[in-house]
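**Student:** The structure that follows is given in the form of structure tokens.
There are 2 protein chains.
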Amino acid sequence: MTRSRSRLANESWESLLTAHAALMKRFAAEPIWDEVSMREYDVLYTLSKHEGPIRLFELGRGVLLSQPALSRLVERLAERGLVERTPDPEDGRGLRLGLTAAGREAQRLVGGRHAVDVARAVADALTDEEMRQLESIGRKLAGARAPAQKSVPTSEEAVL
Amino acid sequence: MTRSRSRLANESWESLLTAHAALMKRFAAEPIWDEVSMREYDVLYTLSKHEGPIRLFELGRGVLLSQPALSRLVERLAERGLVERTPDPEDGRGLRLGLTAAGREAQRLVGGRHAVDVARAVADALTDEEMRQLESIGRKLAGARAPAQKSVPTSEEAVL
DNA sequence: TTAAGGTAGATGCAAACGCATGAACTTCGA
DNA sequence: TCGAAGTTCATGCGTTTGCATCTACCTTAA
Chain A
2 MTRSRSRLAN ESWESLLTAH AALMKRFAAE PIWDEVSMRE YDVLYTLSKH
52 EGPIRLFELG RGVLLSQPAL SRLVERLAER GLVERTPDPE DGRGLRLGLT
102 AAGREAQRLV GGRHAVDVAR AVADALTDEE MRQLESIGRK LAGARAPAQK
152 SVPTSEEAVL
Chain B
2 MTRSRSRLAN ESWESLLTAH AALMKRFAAE PIWDEVSMRE YDVLYTLSKH
52 EGPIRLFELG RGVLLSQPAL SRLVERLAER GLVERTPDPE DGRGLRLGLT
102 AAGREAQRLV GGRHAVDVAR AVADALTDEE MRQLESIGRK LAGARAPAQK
152 SVPTSEEAVL
């Protein structure tokens, strides 16, 4: 007997959730989050990945926070001199967010240490092939769009 | 050129994180969390998976919350009649947690609807083989135990 | 047996969060 | 061109979270 497809989907999702929770707890327990919390690091990392300035709502896509919470988190990071907020000249409603020198430095410092822990946890548990599979699967899951009204795909973020 | 193993590990972890955030946002947007929030459902689901009563700290392993936060979340669920808390006869410090009939009913109701959304999202994005791979990979990641003793901190730059 | 140390859960308090809403600006349709 | 609708971010407010700490109980060893 074969598991139904939807059951398989749910069990694999639960497996992802369990892995996520277990590793997040493990990473959170590491003594590297004194200057920058994990959620703050998430924002700094997202900013560091982008070339130029990002808009707040773009940042919100990658971060699991409500818009007001993200707005205030960025405000706090700006007050601490890690993030720079400037009005967007092309859209009077928007902000352009970028890392300051201090923010980039903090991201690099914490990121380097965190990467060590991630590498230990993941590389110890998985083979190279499994890591490649996970990378591919994650991309597909993240790329899958919700059943939407507009079916026009954005060219640059097309699903691979 | 081949990616280093630790770099591959970090990129696959980031892929998992991105998928997790994207799908969580999508699920959170579904109109099924009126009676029970997502985090509350997480607790109800964990309780429903177990046979008998669980201890609070066991519950905490699967849920991404601090001990005080979990303690109060369970307290609120108990006040709403969804969870039953009784002192553990075998350990005077501990609690035995279990679902009430109403709690089991709420879990079934919300869980059924949620499973539909999960199945749609995951099964649409992945093949059967990929779902099986994800299930296996997640289990390995969650099962991997942290090293019993911390080794000497390594240089950050050497890893990537 | 008993004191020292460890573990499970609760509680005070400040920080952070989500929801609802507001203000400023852009976009769209007539 | 102009008003209505949509978008982007900020703010008020009640709720929830995390940190530090406390109490109660268990475990260990002398």
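These protein sequence lines map, in sequence, to chains A and B.
Counted the way this note's numbering counts, the first sequence spans residues 2 to 161.
Counted the way this note's numbering counts, the second sequence spans residues 2 to 161.
Cβ coordinates follow ideal geometry from the N, Cα and C atoms, glycine included.
For residue 91 of chain A, count neighbouring C-beta atoms within 10 Å of its own C-beta (all shown protein chains included) and say buried if the count is 16 or more, exposed if not.
**Tutor:** Along the first sequence, one-based indexing puts residue 91 of chain A at 90. Residue 91 of chain A should be labelled exposed.
**Student:** Quick one: what's residue 55 of chain A bridged to in DSSP?
**Tutor:** One-based indexing of the first sequence puts residue 55 of chain A at position 54. DSSP, once it has assigned bridges, lists A:98 as partnering residue 55 of chain A.
**Student:** Under DSSP, the alpha helix (DSSP H) around residue 1 of chain B begins and ends at which residues?
**Tutor:** Residue 1 of chain B is absent from the model: chain B starts at 2 and stops at 161.
**Student:** Can you grab the Cα-Cα spacing for the pair residue 75 of chain A / residue 102 of chain B, in whole Å?
**Tutor:** Numbered from 1 along the first sequence, position 74 holds the residue referred to as residue 75 of chain A. Numbered from 1 along the second sequence, position 101 holds the residue referred to as residue 102 of chain B. Those two C-alpha atoms are separated by around 44 Å.
**Student:** Among B:94, B:16, B:41 and B:123, whose alpha-carbon lies nearest the alpha-carbon of residue 79 of chain B?
**Tutor:** One-based indexing of the second sequence puts residue 79 of chain B at position 78. Nearest option by C-alpha distance: B:41.
**Student:** Is the CB-CB distance between residue 84 of chain B and residue 14 of chain A below 8 Å?
**Tutor:** What you label residue 84 of chain B is simply residue 83 of the second sequence in a count that begins at 1. What you label residue 14 of chain A is simply residue 13 of the first sequence in a count that begins at 1. Cβ atoms of residue 84 of chain B and residue 14 of chain A: not closer than 8 Å.
**Student:** Indicate the three-state DSSP secondary structure (helix, strand or coil) for residue 180 of chain B in the structure shown.
**Tutor:** Because chain B is modelled from 2 through 161, residue 180 of chain B falls outside the range shown and cannot be assessed.
**Student:** Taking the straight line between their C-alpha atoms, what separation do you get for residue 93 of chain B and residue 44 of chain B?
**Tutor:** Reading the second sequence from its first residue, position 92 is the one you call residue 93 of chain B. Reading the second sequence from its first residue, position 43 is the one you call residue 44 of chain B. Taking the straight line joining both Cα atoms gives about 23 Å.
**Student:** Do the CB positions of residue 142 of chain A and residue 20 of chain B come within less than 8 Å of each other?
**Tutor:** Position 141 of the first sequence, counted from the start, is the residue given in the question as residue 142 of chain A. Position 19 of the second sequence, counted from the start, is the residue given in the question as residue 20 of chain B. The answer is yes: Cβ separation under 8 Å.
**Student:** Whole angstroms is fine: what's the gap from residue 51 of chain B's alpha carbon to residue 4 of chain A's?
**Tutor:** One-based indexing of the second sequence puts residue 51 of chain B at position 50. One-based indexing of the first sequence puts residue 4 of chain A at position 3. When rounded, the distance between both Cα atoms is 21 Å.
**Student:** Exposed or buried, which one is residue 17 of chain B when buried takes at least 16 other CB atoms within 10 Å?
**Tutor:** As a working note, residue 17 of chain B is residue 16 in the second sequence. So residue 17 of chain B counts as buried.
**Student:** At the 8 Å Cβ level, is residue 161 of chain A part of the contact set with chain B, yes or no?
**Tutor:** On the first sequence, residue 161 of chain A is found 160 positions in, with the first residue counted as 1. In this prediction, residue 161 of chain A has a pLDDT of 23, which is less than 50 and means its spatial position is unreliable; nothing more can be read from the coordinates.
**Student:** With distances taken from CA atoms, which of B:134, B:122, B:136 and B:10 is nearest residue 144 of chain A?
**Tutor:** Within the first sequence, residue 144 of chain A is the residue found at index 143, counting from 1. Ranking the options by Cα distance to residue 144 of chain A, first place goes to B:122.
**Student:** Skipping 5 residues on each side, what residues in its chain have a beta carbon closer than 7 Å to that of residue 126 of chain B?
**Tutor:** Position 125 of the second sequence, counting from 1, holds the residue named residue 126 of chain B. None.
**Student:** Under the assumption that residue 110 of chain B contacts residue 48 of chain B (Cβ atoms under 8 Å), give the Cβ distance between them as a whole number of angstroms.
**Tutor:** In the second sequence, the residue the question calls residue 110 of chain B occupies position 109. In the second sequence, the residue the question calls residue 48 of chain B occupies position 47. Going by Cβ atoms, the distance from residue 110 of chain B to residue 48 of chain B rounds to 15 Å, so no, they are not a contact pair.
**Student:** Please state the DSSP three-state secondary structure of residue 81 of chain A.
**Tutor:** Numbered from 1 along the first sequence, position 80 holds the residue referred to as residue 81 of chain A. Coil, per DSSP.
**Student:** Does DSSP put residue 88 of chain A in a helix, in a strand, or in coil?
**Tutor:** Your numbering for residue 88 of chain A matches position 87 in the first sequence. Strand.
**Student:** Do residue 57 of chain A and residue 72 of chain A have their C-beta atoms within less than 8 Å of each other?
**Tutor:** Mapped onto the first sequence, residue 57 of chain A falls at position 56. Mapped onto the first sequence, residue 72 of chain A falls at position 71. Cβ distance < 8 Å, so residue 57 of chain A and residue 72 of chain A count as in contact.
**Student:** Over what stretch of residues does the alpha helix (DSSP H) that includes residue 139 of chain A continue unbroken?
**Tutor:** On the first sequence, residue 139 of chain A is found 138 positions in, with the first residue counted as 1. Segment 129–144, the alpha helix (DSSP H) holding residue 139 of chain A.
**Student:** Looking only at its chain, what residues have a beta carbon closer than 8 Å to the beta carbon of residue 98 of chain B, apart from the 5 residues adjacent to it on each side?
**Tutor:** Here residue 98 of chain B corresponds to residue number 97 of the second sequence, with the count starting at 1. For residue 98 of chain B, where only same-chain residues beyond five positions count, the Cβ hits under 8 Å are 48, 54, 55, 56, 57, 60, 75, 84, 85 and 86.
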